[in-house]
Amino acid sequence: MKRYFLNIFEAVWTLMVGLRITFRQIFDRAVTHHYPYNEKRFPLDRNIFLNEQKVKAKWGQHRTVSNIRKIHDGFRGRLHNRVADCIGCMSCSRACPVGCITVETERAGRGEDLGETHNVVHLKDGTTIVGIVEGDEKLSPDTTVTIQDLDGQTDTYPSDQIESIIARRRKRMRIVRYDIDLSLCMFCGLCAESCPTECLMMTKIFNYPTHNLKDLVHHFVEPVEESET
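Take a look at the structure:
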């Protein structure tokens, strides 16, 4: 008889031990929310140039919850190309394992100046600034670096706060077509890693549903209409 009740006690005790975490979580605040019906919308029009010091985000009408989790750095979301800094090297297209990037270029005419790309400055705190570095682009110790960002604002940083500086490059190829088919993209990030000017980046944008696959083909260069003669 004693063994009988002992077995019942052990069965109940082991069950309680196994459900201990479950019971504790029942009374904790929920960390989930009914997406997309109850959400705080992420800034889909986030400053695409990644000047994190001056992020410009427009928030629409929405219901908010208090437990939205931050999208961490390194998240591989929708691809974006800052075409103004693209040199047409085709590195991204060659690196893509699924062939979702289509690039067409044409060489600049004789005497035609297509300008230079921007500098990309990486700070040690994870901030990325796109702009123009005034003076020497080489990073030297015990110096300061002055950067004019894309908004025209100028800031100065000590060299010990800067991780690296991507130098400007002369553009010799005109980008005629730059398309990314996100219905094929596997978000591996190889294309962004191979970009020498870092104009191709993986943003934190993840919400772009559509019922039409054609809407997932992003055209970053407007087609040039041929004039009638």
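Numbering (this note's numbering), first residue to last: 691 to 919. Note that CB positions come from ideal geometry on N, CA and C, so glycine has one too.
Under the three-state reduction of DSSP output, residue 705 falls in the helix class.
Taking the Cα of residue 823 as reference, the smallest distance to any Cα among 767, 874, 846, 831 is reached at 846. Distance between residue 695 and residue 708, taken at the CA atoms: about 20 angstroms.
Between residue 791 and residue 861, the C-beta gap is not smaller than 8 angstroms, which leaves the two residues out of contact.
In the DSSP assignment, residue 762 forms no beta bridge with any residue. The DSSP-derived three-state label of residue 898 is coil.
Contact between the segment 795-802 and the segment 890-898 is absent, with fewer than three C-beta pairs closer than 8 angstroms. Burial check for residue 887: the Cβ neighbour count within 10 Å reaches 16 or more, so the residue is buried. With a cutoff of 8 angstroms on beta-carbon distance, residue 781 and residue 873 are scored as not near each other. DSSP places residue 837 in the strand class (E or B) of the three-state scheme. In the structure shown, the three-state DSSP call for residue 866 is strand. For the 8 angstroms CB-CB criterion, residue 768 and residue 807 do not form a contact.
An exposed status is given to residue 762, since fewer than 16 other beta-carbon atoms sit within 10 Å of its beta-carbon. Per DSSP, residue 781 is one residue of the alpha helix (DSSP H) stretching across 781-785. Residues of the same chain with a CB within less than 6 angstroms of the CB of residue 833, apart from the 5 flanking positions on each side, are 849 in chain order. In the three-state DSSP reduction, residue 820 falls in the strand class (E or B). If you compare the alpha carbons of 775, 838, 830, 815 with that of residue 804, the shortest gap goes to 775. Rounded to whole angstroms, residue 907 and residue 810 show a C-alpha spacing of 27 angstroms. Non-local C-beta neighbours of residue 772 in its own chain, meaning closer than 6 angstroms and more than five positions away in sequence, comprise 889, ordered along the chain.
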